[in-house]
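In my numbering, the protein residues as written are 747 to 961. Working notes, structure below.
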Ligand code: AMP
């Protein structure tokens, strides 16, 4: 099964993708995670992407398309993949269509997770994660049971994404509105498209996403 999870920053694409990975035994391909790894490793791509990401803008299409073209060739994608954070522009969506057609692959579903902008800002500005195991937390909605200690691994090291601040989030939302939302009609027309309300309980949202995939 090959899927796209669409939605603005903070909609919960990453959280839902992780759950789908377990359920359907497919891989999550998060372009944001791949870029953050490249920044951390100091590769040429990371060096180019760092300032763009910190400004909340989009990394050039040709770099992103090349990254995905290579990634979907990897053996672990044989059973299917969830694209989380790609495509993000009309040009990326067109390049993906071509890439899939060349490889004889089909897109089984495109699920758009919808959350209003005020809620997205609140989610993003308060979120942080364990620096060791990656478990996600939120200052208001989801603090560790013992203050300062990760519930999952006991670590006391926490981290925040450099772009999870109000100013950058406003730019990320604008990029979503102006450059990513326009790809929705492209997928709506294809008939494999579903919308899911991404507000509220995480388990309920997963149930809605799964229902949309099994429909
Ligand atoms: P994310 O983790 O998906 O919120 O992505 C974090 C940042 O990485 C974005 O704000 C962009 O700067 C960059 N990025 C991730 N995916 C893409 C993409 N498909 N196209 C362009 N830039 C991207």
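Glycine is no exception: its CB is placed at the ideal position from the N, C-alpha and C atoms.
Query: Does the structure place the region 749-764 close enough to the region 866-886 that three or more beta carbon pairs sit under 8 Å?; Result: yes
Query: Can you check the region 780-863 for any beta strand (DSSP E) of at least 3 residues that lies completely inside it and give the ranges in chain order?; Result: 827-830 and 855-860
Query: In whole angstroms, what is the alpha-carbon distance linking residue 811 and residue 778?; Result: 13 Å
Query: Given 8 Å as the limit, is there contact between the region 835-843 and the region 929-937, that is, 3 or more CB pairs closer than that?; Result: yes
Query: So if DSSP puts residue 774 in a beta bridge, which residue, or which two residues, is it bridged to?; Result: 828
Query: Could you give the residue range of the alpha helix (DSSP H) that holds residue 957?; Result: 948-960
Query: For the ligand AMP, any of its heavy atoms closer than 8 Å to the Cβ of residue 759?; Result: yes
Query: Under the DSSP definition of a beta bridge, which residues are partnered with residue 897?; Result: Paired residues: none, contrary to the question.
Query: Tell me the DSSP secondary structure of residue 882 in three-state form.; Result: strand
Query: Using only the heavy atoms of the ligand AMP, determine whether one of them is closer than 8 Å to the beta carbon of residue 794.; Result: no
Query: Which same chain residues end up closer than 8 Å to residue 803 when comparing Cβ atoms and leaving out the 5 residues on each side of it in sequence?; Result: 917 and 921
Query: If contacts are defined as beta-carbon pairs under 8 Å, then residue 781 and residue 805 qualify, I think. What distance do you get, rounded to the angstrom?; Result: 6 Å
Query: Would you grab the beta carbon distance between residue 797 and residue 784 for me? Rounded to a whole angstrom, and I think it's under 8 Å.; Result: Contact flag wrong, Cβ pair sits at about 13 Å.
Query: If you draw a straight line from the alpha carbon of residue 887 to that of residue 919, how long is it in whole angstroms?; Result: 21 Å
Query: Is residue 876 buried or exposed, if buried means 16 or more other CB atoms sit within 10 Å of its CB?; Result: buried
Query: Verify whether the separation of the beta carbon atoms of residue 911 and residue 871 is less than 9 Å.; Result: yes
Query: Considering only their Cβ atoms, is the gap separating residue 825 from residue 772 smaller than 9 Å?; Result: yes
Query: Whole-angstrom Cβ separation of residue 908 and residue 819, contact assumed at under 8 Å?; Result: The Cβ separation is near 30 Å, so there is no contact.
Query: Along the alpha helix (DSSP H) that carries residue 919, what are the first and last residues, could you check?; Result: 912-921
Query: Tell me the rounded alpha-carbon separation between residue 885 and residue 895.; Result: 13 Å
Query: Under three-state DSSP, which class holds residue 938?; Result: coil
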